[in-house]
Amino acid sequence: DAGITQSPRHKVTETGTPVTLRCHQTENHRYMYWYRQDPGHGLRLIHYSYGVKDTDKGEVSDGYSVSRSKTEDFLLTLESATSSQTSVYFCAIRTPRANYGYTFGSGTRLTVV
Amino acid sequence: DAKTTQPPSMDCAEGRAANLPCNHSTISGNEYVYWYRQIHSQGPQYIIHGLKNNETNEMASLIITEDRKSSTLILPHATLRDTAVYYCIVRVEDNFNKFYFGSGTKLNVKP
Numbered sequence: 251d252a253g254i255t256q257s258p259r260h261k262v263t264e265t266g267t268p269v270t271l272r273c274h275q276t277e278n279h280r281y282m283y284w285y286r287q288d289p290g291h292g293l294r295l296i297h298y299s300y301g302v303k304d305t306d307k308g309e310v311s312d313g314y315s316v317s318r319s320k321t322e323d324f325l326l327t328l329e330s331a332t333s334s335q336t337s338v339y340f341c342a343i344r345t346p347r348a349n350y351g352y353t354f355g356s357g358t359r360l361t362v363v
Numbered sequence: 071d072a073k074t075t076q077p078p079s080m081d082c083a084e085g086r087a088a089n090l091p092c093n094h095s096t097i098s099g100n101e102y103v104y105w106y107r108q109i110h111s112q113g114p115q116y117i118i119h120g121l122k123n124n125e126t127n128e129m130a131s132l133i134i135t136e137d138r139k140s141s142t143l144i145l146p147h148a149t150l151r152d153t154a155v156y157y158c159i160v161r162v163e164d165n166f167n168k169f170y171f172g173s174g175t176k177l178n179v180k181p
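Protein sequences, first through last, are from chains A and B. With positions in the first sequence counted from 1, the corresponding number in the numbering used here is that position plus 250. With positions in the second sequence counted from 1, the corresponding number in the numbering used here is that position plus 70.
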């Protein structure tokens, strides 16, 4: 749907290791977003991008960095993973459909042990 | 930063209408209300959106009060597959149109 894919779908990593999650889109949309979702909670915005090399922090950005060197790819990096970053991560793109609502990827389930 | 309040859970009988309320009393005049749903741990799925007028599409209807401080999502004939978490979102009208999610309403459709 809307050509948005996330990789990997599942990952288990050890505390203290760096981890990069990838969001890829095929429709050349300008705006992309990373969210995390924890049990019993809605989605919380981590970072967003409004163009190549243009990014900004969301409400829960500590411990995360992002990069957007190409329109189609938005990368989320955990510099040194901690157990509190165990979560499901969703990427979204803003599309002209539905008056510029979001289309979400299928998510990446990350476990930090 | 969520600007909406929803009940944590609701039940609905299969085949009946499901009416999901949302309070957004601090909404600004040019901010849209969006509804999404999330089934299991899939990515949220767009349902409907509106500004002032009531809206209807193939999935649902959206009723927005005249003062715009609350809205109701209506699923006219709920099925078991409509069991999901439903999120009411007010889209922040800045240059980046960020969505801030609340905790949503878990709708349980029962046979």
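Yeah, the Cβ is synthetic: ideal placement off N, Cα and C, and Gly gets one too. These numbers come from a predicted model, not from an experiment.
Asked: Given a cut-off of 8 Å, decide if N93(B) and T75(B) are closer than it, judged by their beta-carbon atoms.; Found: yes
Asked: Give a yes or no on whether the minimum CB-CB distance between V338(A) and chain B is below 8 Å.; Found: yes
Asked: Quick check on the DSSP output: the beta strand (DSSP E) that includes N123(B) runs from which residue to which?; Found: From DSSP, N123(B) is part of no beta strand (DSSP E); its letter is neither H nor E.
Asked: Run down chain A in chain order and give the residues with a C-beta less than 8 Å from the C-beta of K168(B).; Found: Y283, L295, Y298, G308
Asked: Determine, using beta-carbon pairs with one atom in the stretch 354 to 361 of chain A and one in the stretch 95 to 105 of chain B, whether at least three such pairs fall under 8 Å.; Found: no
Asked: Evaluate the contact criterion for the stretch 325 to 339 of chain A versus the stretch 272 to 291 of chain A: three or more CB pairs, one atom per stretch, below 8 Å.; Found: yes
Asked: Residue ranges of each beta strand (DSSP E) run of no fewer than 3 residues wholly in the stretch 278 to 347 of chain A, ordered along the chain?; Found: 282 to 287, 293 to 301, 304 to 307, 314 to 320, 323 to 328, 337 to 344
Asked: Less than 8 Å between C-beta atoms, sequence neighbours within five positions excluded: which residues of the same chain meet that for S257(A)?; Found: L271, R272, H274, T358
Asked: Measuring CB to CB, does V155(B) end up less than 8 Å from G174(B)?; Found: yes
Asked: Taking DSSP as the reference, what is the three-state secondary structure of R359(A)?; Found: strand
Asked: Taking C-beta pairs closer than 7 Å, name the residues in chain C that Y157(B) reaches, listed in chain order.; Found: Included in the structure are the protein chains A and B, with no chain C among them.
Asked: Would you check if the distance between the CB atom of A342(A) and the CB atom of V362(A) is smaller than 8 Å?; Found: no
Asked: Against chain A, with Cβ distances strictly below 8 Å, would S131(B) count as a contact?; Found: no
Asked: By DSSP, does D164(B) sit in helix, in strand, or in coil?; Found: coil
Asked: Against S356(A), what residues of chain B qualify as contacts under a CB-to-CB distance less than 7 Å, listed in chain order?; Found: Q112, G113
Asked: R344(A) CB to nearest chain B CB: under 8 Å?; Found: yes
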